[in-house]
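Chemist: Following this note's numbering, the numbering of the sequence shown begins with 5 at its first residue and continues without gaps. Where is the CB? At the ideal position from N, CA and C, for every residue including glycine. The structure displayed is predicted, hence computed values, not measured ones. First the structure, which I've put down as structure tokens, then a few questions once you've had a look.
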Amino acid sequence: MKVLTETVIDDTLLRIKELVSDKGFITEPDAMEPHLVEWRGLWRGQARAVVKPANTAEVSAVVALCAENAIPIVPQGGNTSLVGGSVPYEDFGGIILSLARMNKVRGIDPLNYTMTVEAGCVLAELQRVAEENDRFFPLSLAAEGSCMIGGNLSTNAGGVNVLRYGNTRELVLGLEVVLPDGTVWDGLRSLRKDNTGYDLKHLFVGAEGTLGIITAAVLKLFPKPARRETAMVAITGPDAAIELLARARAATADGVTSFELMPRICFDFVLAHIADTVDPLPQRYDWHVLLELSSTSVTEDGLGEKMQALLEQAAEDGLVLDAAIAQNQAQALAMWKLRETVSEAQKPEGASIKHDISVPVSRVPDFLRTADAAVTAAYPGIRIVGFGHVGDGNIHYNLSVPKGGDNQAFLAEWERINEIVHDIVQSMNGSISAEHGLGRLKREEIKRYKSQTELDIMRKIKGVLDPRGIMNPGKVL
């Protein structure tokens, strides 16, 4: 094994540059900067170079050189991580390996309902390609215009359609992965059934680049929805939301695509700070649900009538106070804008402490009541912005500084508030990271909530696959 000296590092970087050419090797500070800064600006790291291989063979060769000389690697897609998983540390001495140039759709099989894609494909582009082939790829999230499918897989991304279609883990059939020694595992199988041992792809989905670099994937496709029904529904509270969700699933043969819970404060923030937004209901209500149904039937199947009947019966039973059903796509998009811009609208309101938690769907009302009382007692005047994908139990429990309060004093309470919220989540058998991952942000905190056995198993897997610890070091574990 070589002694890692500046001469060895410089020599290795020169060999890497020869492998990927000038187009794939960046050291200019201005060009590197977007790769070094975390999306929310919480961290800025450093690296010796940003390397952009053009294909799997180049990724393999670059990783093999780094493994030979114990040079650490941060794999990076669109750099939209919310937990610091995709940027290096401040004292990082290795390279960032960006998959941005690997952006080809290798093939699409409409009859098998699959497409094979490279890791650098932007999510919105994959949605478009699927639609062009009369198919539907359901992964959808706010960053879809810039996030890449390799990063989505590495973080097991969620989004607004999880209720019906599942997390990213449930949307992948096969993977191609470059392991930490440079070996390529070709697991690009497009089979629904393959019962021949360990399902290795699930080691890498959600591993945040700590076990290897996903370079390509076989993704599941679905029939393209032929019609959608979208409604903004005023409800009596979170308990009514859970009951309405159960009724909607039963009444539509599980045709509920999205079910998003929003308290009044979400509307107030969005209407105050986001242009071209309007409350679709004629008066103020405390709680809302954005409900979307979809059907793949090309013939009229009464989806609109089902929505109408569902809401009318729920109103008679005291669950629903009012509702507006979108009459066209423009109205539906306007309703979705109210939901999708909540986080953006929080920024002008001052500092916020954010949580990405999940509990069993049936426990969502209990969580909200318990957590609201606890954080209000701990920090009087705190503004609670708890919203999100209640259909799958995922609440973005965001807390804004009291009106006119001191931002820095509020953020100084981050750890104390986190412990209050996350202890309540733990008591309900929930998760402190529903869809964002652990990255750097929650690496230490997870020790409080995962058992020692779980952590030991994770460390053993990491030790076997990446014994030199070069793959995204300091993240997750």
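Does the stretch 77-95 come close enough to the stretch 27-34 to have 3 or more Cβ pairs within less than 8 Å?
Modeler: The answer is no - the stretch 27-34 does not touch the stretch 77-95, with fewer than three Cβ pairs under 8 Å.
Chemist: For the stretch 235-269, which segments carrying the alpha helix (DSSP H) assignment without a break, of at least 4 residues, lie completely within its bounds, in sequence order?
Modeler: Those alpha helix (DSSP H) runs which fall completely within the stretch 235-269 and span 4+ residues are 242-255.
Chemist: Nearest-angstrom Cα distance between Met5 and Asn73?
Modeler: Counting from 1 along the sequence shown, the entry for residue 5 is found at position 1. Counting from 1 along the sequence shown, the entry for residue 73 is found at position 69. Low confidence applies to Met5: its pLDDT is 47, below 50, so where it sits in the model is not reliable, and the reading given next is rough at best. Each residue's Cα considered, the two are about 7 Å apart.
Chemist: Mapping the DSSP letters down to three states, classify Asp15 as helix, strand or coil.
Modeler: Indexing the sequence shown from 1 puts residue 15 at position 11. Asp15 falls in the helix class under three-state DSSP.
Chemist: Identify every residue that forms a DSSP beta bridge with His400.
Modeler: Here residue 400 refers to the residue found at position 396 when the sequence shown is read from its first residue. His400 is bridged to Asp360, Phe391.
Chemist: Any idea what DSSP makes of Thr380, helix, strand or coil?
Modeler: Taking the sequence shown and counting its residues from 1, one reaches residue 380 at position 376. Helix, per DSSP.
Chemist: Going by other Cβ atoms of all chains shown within 10 Å of its Cβ, with 16 needed for buried, is Ser431 buried or exposed?
Modeler: In the sequence shown, counting from the first residue as 1, residue 431 sits at position 427. Ser431 comes out exposed.
Chemist: What is the DSSP secondary structure of Ile461, reduced to helix, strand or coil?
Modeler: Here residue 461 refers to the residue found at position 457 of the sequence shown. Correct three-state label for Ile461: helix.
Chemist: Using a Cβ-Cβ cut-off of 7 Å (strictly less than) and excluding sequence neighbours within five positions of Arg19, which residues of its own chain qualify?
Modeler: For the purposes of this step, residue 19 is taken as residue 15 along the sequence shown, with counting starting at 1. Answer for Arg19: Leu69, listed in chain order.
Chemist: Taking C-alpha atoms, which residue in Ser362, Val41, Lys407 lies nearest to His426?
Modeler: As a working mapping, residue 426 is identified with position 422 in the sequence shown. Ranking the options by Cα distance to His426, first place goes to Ser362.
Chemist: Can you tell me whether His39 is buried or exposed? The criterion is at least 16 other CB atoms within 10 Å of its CB, across all chains shown.
Modeler: One-based indexing of the sequence shown puts residue 39 at position 35. Flag for His39 reads buried.
Chemist: Please report the straight-line C-alpha distance between Ala252 and Glu353, rounded to a whole angstrom.
Modeler: Residue mapping note: residue 252 aligns to position 248 of the sequence shown, counting from 1. Residue mapping note: residue 353 aligns to position 349 of the sequence shown, counting from 1. About 35 Å.
Chemist: Just to confirm before moving on: does the CB-CB distance between Ala161 and Gly155 stay below 9 Å?
Modeler: Numbered from 1 along the sequence shown, position 157 holds the residue referred to as residue 161. Numbered from 1 along the sequence shown, position 151 holds the residue referred to as residue 155. Yes, the Cβ-Cβ distance between Ala161 and Gly155 is below 9 Å.
Chemist: Using the DSSP secondary-structure output, state which residues sit across from Asp326 in a beta bridge.
Modeler: For the purposes of this step, residue 326 is taken as residue 322 along the sequence shown, with counting starting at 1. According to DSSP, Asp326 bridges with Ala238.
Chemist: Could you please give me the residues that DSSP links to His39 through a beta bridge?
Modeler: To locate residue 39, count along the sequence shown from 1; it is residue 35. Answer is none; His39 lacks a bridge partner.
Chemist: What is the C-beta distance between Gly124 and Met152, in whole angstroms, given that I count them as a contact (C-beta under 8 Å)?
Modeler: Translated into positions along the sequence shown, residue 124 becomes position 120. Translated into positions along the sequence shown, residue 152 becomes position 148. Indeed, because the Cβ distance is near 5 Å, the residues count as touching under 8 Å.
Chemist: Gly88: which of Val109, Gly441, Leu307, Thr172 sits nearest, CA to CA?
Modeler: Residue 88 sits at position 84 when you count from the first residue of the sequence shown. The residue with the shortest Cα to Cα distance from Gly88 is Gly441.
Chemist: Give every residue of the same chain whose Cβ lies closer than 8 Å to the Cβ of Glu62, excluding the five residues on either side of it in the sequence, and list them in chain order.
Modeler: Against the sequence shown, residue 62 aligns to sequence position 58. Hits under 8 Å: Leu23, Val24, Gly28.
Chemist: Quick check on the burial criterion: 16 or more other C-beta atoms within 10 angstroms. Buried or exposed for Arg373?
Modeler: Taking the sequence shown and counting its residues from 1, the one referred to as residue 373 is at position 369. By the neighbour-count rule (16 or more Cβ atoms within 10 Å), Arg373 is not buried but exposed.
Chemist: Within its chain, find whatever has a CB closer than 6 Å to the CB of Ala328; leave out the 5 residues flanking it on each side and keep chain order.
Modeler: Position 324 of the sequence shown, counting from 1, holds the residue named residue 328. Closer than 6 Å at the Cβ level, and outside the excluded window around Ala328, lie Met236, Pro284, Leu285.
Chemist: To the nearest angstrom, how far is it from the Cα of Thr16 to the Cα of Arg52?
Modeler: Position 12 of the sequence shown, counted from the start, is the residue given in the question as residue 16. Position 48 of the sequence shown, counted from the start, is the residue given in the question as residue 52. Distance between the alpha carbons of Thr16 and Arg52 is about 11 Å.
Chemist: If you count every other CB in all the chains shown that lies within 10 Å of the CB of Tyr202, and 16 or more means buried, which is it?
Modeler: Taking the sequence shown and counting its residues from 1, one reaches residue 202 at position 198. Exposed, by the Cβ-count rule.
Chemist: What residue does the beta strand (DSSP E) around Glu122 start on, and which one ends it?
Modeler: Position 118 of the sequence shown, counted from the first residue, corresponds to residue 122. Taken as a continuous stretch (DSSP letters only), the beta strand (DSSP E) holding Glu122 covers 118-122.
Chemist: Can you give me the C-alpha to C-alpha distance between Gly210 and Ala254, rounded to a whole angstrom?
Modeler: For the purposes of this step, residue 210 is taken as residue 206 along the sequence shown, with counting starting at 1. For the purposes of this step, residue 254 is taken as residue 250 along the sequence shown, with counting starting at 1. Approximately 31 Å, taken between the alpha carbons.
Chemist: Taking the C-alpha atoms as reference points, what is the distance between Met475 and Pro242?
Modeler: Along the sequence shown, read from residue 1 onward, the residue named residue 475 stands at position 471. Along the sequence shown, read from residue 1 onward, the residue named residue 242 stands at position 238. Rounded to whole angstroms, Met475 to Pro242 spans 42 Å at the Cα level.
Chemist: For Val181, tell me which candidate among Gly191, Ala375, Thr172, Glu174 has the shortest Cα-Cα distance.
Modeler: Stepping through the sequence shown from its first residue, residue 181 is reached at position 177. That would be Gly191, whose Cα lies nearest to the Cα of Val181.
Chemist: Could you tell me if Ala71 is buried or exposed, where buried requires 16 or more neighbouring beta carbons within 10 angstroms of its beta carbon?
Modeler: Your numbering for residue 71 matches position 67 in the sequence shown. When all chains shown are included, Ala71 counts as buried.
Chemist: Per DSSP, which one or two residues make a beta bridge with Lys224?
Modeler: For the purposes of this step, residue 224 is taken as the residue at position 220 of the sequence shown. Looking at the DSSP assignment, Lys224 forms a beta bridge with Thr118.
Chemist: Please list the terminal residues of the continuous beta strand (DSSP E) segment that includes Trp189.
Modeler: Numbered from its first residue, the sequence shown carries residue 189 at position 185. Run containing Trp189: 188-191, per the beta strand (DSSP E) assignment.
Chemist: Do you know how far the Cα of Glu449 is from the Cα of Gly434?
Modeler: Counting from one through the sequence shown, the residue named residue 434 turns up at place 430. Counting from one through the sequence shown, the residue named residue 449 turns up at place 445. One C-alpha to the other measures close to 15 Å.
Chemist: Flag Ser102 as yes if its beta-carbon sits less than 9 Å from any beta-carbon of chain D, otherwise no.
Modeler: Chain labels in this structure do not include chain D; a single protein chain is all it has.
Chemist: Identify whether Glu180 lies in helix, strand or coil by the three-state DSSP scheme.
Modeler: Locating residue 180 in the sequence shown gives position 176, counting from the first residue. Reduced to three states, the DSSP call for Glu180 is strand.
Chemist: Looking only at its own chain, which residues have a Cβ that is under 8 Å from the Cβ of Asp14, when we skip the five neighbours before and after it?
Modeler: The residue labelled residue 14 in the question sits at position 10 within the sequence shown. Excluding residues within five positions, none has a Cβ falling inside 8 Å.
Chemist: Would you check if the distance between the CB atom of Leu195 and the CB atom of Val176 is smaller than 9 Å?
Modeler: For the purposes of this step, residue 195 is taken as the residue at position 191 of the sequence shown. For the purposes of this step, residue 176 is taken as the residue at position 172 of the sequence shown. Cβ atoms of Leu195 and Val176: not closer than 9 Å.
Chemist: Within the continuous alpha helix (DSSP H) that includes Trp340, where are the two ends?
Modeler: On the sequence shown, residue 340 is found 336 positions in, with the first residue counted as 1. Note, Trp340: alpha helix (DSSP H), 333-344.
Chemist: Quick one: using the 10 Å Cβ neighbour count with 16 as the cut-off for buried, is Ile246 buried or exposed?
Modeler: The residue labelled residue 246 in the question sits at position 242 within the sequence shown. Buried: at least 16 other Cβ atoms inside 10 Å.
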